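These notes are about the structure you will find just below.
Protein chains: 2
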Amino acid sequence: MGATKTDHFTDQQNELATLAKALGHPARVAIIEYLIKVDACICGDIVNELPLAQPTVSQHLKELKNAGLIKGSIEGNAICYCIDDQTWNRFHG
Amino acid sequence: MGATKTDHFTDQQNELATLAKALGHPARVAIIEYLIKVDACICGDIVNELPLAQPTVSQHLKELKNAGLIKGSIEGNAICYCIDDQTWNRFHG
DNA sequence: AAACTTAATCGTAATATTGCAATAAATAAA
DNA sequence: TTTATTTATTGCAATATTACGATTAAGTTT
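Order-wise, the sequence lines are chains A and B.
When you line the first sequence up against the working numbering, it's residues 1 to 93, in that order.
When you line the second sequence up against the working numbering, it's residues 94 to 186, in that order.
Here is the structure:
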């Protein structure tokens, strides 16, 4: 087993669980808090801010993006991340 | 690894992550929603409500209790579960 | 006491998550 | 075009989660 039986629950329940799960790690909470504070930043800024290696931060960013909590836009050779207000407000506000 | 580096984050970040993680599974979302709807119930009621076996439900209840989201009181040979308003309001309201 | 009810725990298998070194990919600057 | 810069991906090891059958524990009823 080990696999969640998502098909037995409603879409709403699964979506809420997905969003909550994305926030269910202190590093991702810290990333979201930082993004709220600075409004937008690149991955390297978060690597400097957190006690985690670059690949680990990149992976956390990917999960937050998959959950729809953040979005990234290409900015030169860097990627500018910010909160996805549409999802965030639906979840939080 | 696989173990979260909780000691590198603040207590607030860890607590929020713990609460979010507890809600990060559709079964636990469903349990909370059901508890809000019926106000209070015993484990067996939830087993009848969800497509999961009794030990699985019991385990989810334990995690919700550990996170402080619900509390249980002995009621005959059953256990009456309800939302822990103190934690719930701090998290949600 | 014996039978029943209710829920927790144990044990175990399947799967997911976390973390990072090493590497790759993609753009920018020289 | 070589060299930086920046981020994503791969591969892997350690640990955590999910699920449930079997069993246990504790109270209730007969």
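Virtual Cβ for every residue (Gly too), placed ideally from N, Cα, C.
Predicted model only: the values in this text are computed from it and were never measured.
Just to confirm my understanding: we take residue 71 of chain A, look at its own chain, exclude 5 residues before and 5 after, and list those with CB closer than 7 Å. What are they? 65, 82 and 84
Could you tell me how far apart the beta carbons of residue 22 of chain A and residue 69 of chain A are, in whole angstroms, since I believe they sit closer than 8 Å? 6 Å
N- and C-terminal bounds of the beta strand (DSSP E) containing residue 72 of chain A: 70-75
C-beta neighbour in chain B for residue 55 of chain A, strict 9 Å: no
Can you list, in chain order, the residues of its chain with a C-beta nearer than 8 Å to that of residue 58 of chain A? Leave out the 5 residues immediately preceding and following it. 43
Which of the three DSSP states is assigned to residue 22 of chain A in this structure? helix
Cβ shell of residue 91 of chain A (< 7 Å), same chain only, five flanking positions each side left out: 19
Quick one: what's residue 175 of chain B bridged to in DSSP? B:164
Quick one: list the residues of chain A neighbouring residue 99 of chain B, beta-carbon separation under 9 Å, in chain order. 26
Please decide whether residue 110 of chain A counts as near chain B, where near means a Cβ-Cβ distance under 9 Å. There is simply no residue 110 of chain A to check, as chain A begins at 1 and stops at 93 in what is shown.
In the DSSP assignment, the beta strand (DSSP E) including residue 40 of chain A goes from what residue to what residue? 40-42
Let me see if you follow: with CB-CB separation under 9 Å, is residue 38 of chain A close to chain B or not? no
Where residue 102 of chain B falls: helix, strand or coil (DSSP): coil
Report the residue from A:36, A:61, A:51 and A:26 whose alpha carbon sits nearest the alpha carbon of residue 88 of chain A. A:36
Considering only the alpha carbon of each residue, which of A:41, A:14, A:2 and A:3 lies closest to residue 75 of chain A? A:41
Pairwise C-alpha distance: residue 31 of chain A and residue 46 of chain A: 7 Å
Between the CA atoms of residue 96 of chain B and residue 6 of chain A - distance to the nearest angstrom: 25 Å
Quick one: using the 10 Å Cβ neighbour count with 16 as the cut-off for buried, is residue 122 of chain B buried or exposed? buried
Euclidean distance between Cα positions of residue 171 of chain B and residue 49 of chain A: 49 Å
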